[in-house]
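Student: Residue numbers (the UniProt record's numbering): 1 to 133. Quick reminder that beta carbons are idealized off the backbone N, C-alpha and C, glycines included. Remember, it's a predicted structure, so these values are computed and weren't measured experimentally. Quick one: structure below, then a few questions.
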């Protein structure tokens with residue numbers, strides 16, 4: 001079965017992150033969080049553009065890197081590494097991609113919703129579909 005364009009780029013980023021030995025979740029862990037830092041794949045957004053011969057568009061992946069406030073630099077470095085790694089994803093399961101740098105970003109936030117002060121890097125990766133399946 002052919003993957004959707006959203007699933008193809010999602011899988012490519014999951015694979016890329018896993019090769020860098022980052023602790024990773026495709027869901028937000030609720031209880032008993034293991035050691036920080038870790039990466040969470042949170043959601044995706046797909047915007048379609050049709051032309052005469054194909055259905056194109058873009059997919060935005062939303063990821064977070066969570067870490068202890070004392071290790072803010074480690075969270076920042078991980079987020080930047082993931083961001084830079086996304087530049088190298090040009091093909092995924094028959095789809096061809098280009099990262100839109102102007103619509104992608106990293107935002108670092110302090111999170112005080114837990115007993116332990118945390119830092120969270122929100123990463124938005126906006127991939128333009130160039131063609132494919």
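Pick helix, strand or coil for residue 7, following the three-state DSSP scheme.
Tutor: Position 7 of the chain shown, counted from the start, is the residue given in the question as residue 7. Note: residue 7 maps to helix in three-state DSSP.
Student: Could you give the residue range of the alpha helix (DSSP H) that holds residue 70?
Tutor: Working through the chain shown from its first residue, we reach residue 70 at position 70. Taken as a continuous stretch (DSSP letters only), residue 70 belongs to no alpha helix (DSSP H), as it is neither H nor E.
Student: Does the distance from the C-beta atom of residue 12 to that of residue 121 stay below 8 Å?
Tutor: On the chain shown, position 12 is the one that residue 12 refers to. On the chain shown, position 121 is the one that residue 121 refers to. In this structure, residue 121 does not lie closer than 8 Å to residue 12 by Cβ.
Student: Given residue 22, which residues of its chain have a CB within under 6 Å of its CB, disregarding the five upstream and five downstream residues?
Tutor: Sequence index remark: in the chain shown, residue 22 carries index 22 (1-based). Answer for residue 22: 39, listed in chain order.
Student: Out of 119, 111, 127 and 26, which has the shortest C-alpha to C-alpha gap to residue 77?
Tutor: Start at 1 with the first residue of the chain shown, and residue 77 comes out as number 77. Closest option to residue 77, Cα to Cα, is 119.
Student: Could you tell me which residues DSSP puts in a beta bridge with residue 106?
Tutor: Mapped onto the chain shown, residue 106 falls at position 106. Bridge partners of residue 106: 123.
Student: Could you check what DSSP says for residue 86 in three-state terms: helix, strand or coil?
Tutor: Taking the first residue of the chain shown as 1, we reach residue 86 at position 86. Here residue 86 sits in helix by DSSP.
Student: Would you list the residues sitting across from residue 91 in a DSSP beta bridge?
Tutor: Position 91 of the chain shown, counting from 1, holds the residue named residue 91. Beta-bridge pairing links residue 91 to 96.
Student: Leaving out five residues before and five after residue 49 in sequence, what residues of the same chain have Cβ atoms less than 6 Å from its Cβ?
Tutor: Taking the chain shown and counting its residues from 1, one reaches residue 49 at position 49. Answer for residue 49: 56 and 57, listed in chain order.
Student: Pull up the distance between the alpha-carbon of residue 85 and that of residue 41, whole angstroms please.
Tutor: Along the chain shown, one-based indexing puts residue 85 at 85. Along the chain shown, one-based indexing puts residue 41 at 41. Whole-angstrom Cα-Cα distance: 15 Å.
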